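Residue numbers (the numbering used here): 307 to 412.
Just so you know, even glycine gets a beta-carbon here, dropped at the ideal spot from N, CA and C.
This structure is a prediction, so every number in the text was calculated from the model and none was measured.
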């Protein structure tokens with residue numbers, strides 16, 4: 307749920323706090339998305355009231371290993387996920403030495 311400046315929130319029942327896992331609340335406080343340690347992006351709907359109860363997490367998609375955490379819109383509908391660029395092997399080329407001698411024979 308949205309927090310006021312400086313307010314802290316402990317663990318939500320059903321979602322433990324694990325160091326290194328990045329999570330983001332939806333702007334209305336009814337959903338959290340997070341990336342687990344294996345690079346899987348999950349969404350968890352929340353029942354809010356006097357307490358916060360987490361429903362069963364839903365797997366959204368796998369993020370490439372070694373990529374940074376995604377940037378997520380406030381409504382959790384849009385994700386910007388960095389992906390590694392393909393490493394292409396440079397193509398071979400031929401270098402002609404003494405090419406000026408070939409010009410003289412023509």
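Taking the Cβ atoms as the reference, residue 346 lies roughly 16 Å from residue 337, outside the contact range of under 8 Å. Looking from the CA of residue 361, the closest CA among 376, 348, 369 belongs to 348. A residue is called buried when at least 16 other Cβ atoms come within 10 angstroms of its Cβ; residue 405 does not meet this threshold and is exposed.
Looking at the DSSP output, residue 330 sits in a beta bridge with 339. Comparing alpha-carbon positions, the option among 334, 370, 383, 366 lying closest to residue 392 turns out to be 370. According to the DSSP assignment, residue 406 belongs to the alpha helix (DSSP H) that extends over 405-410.
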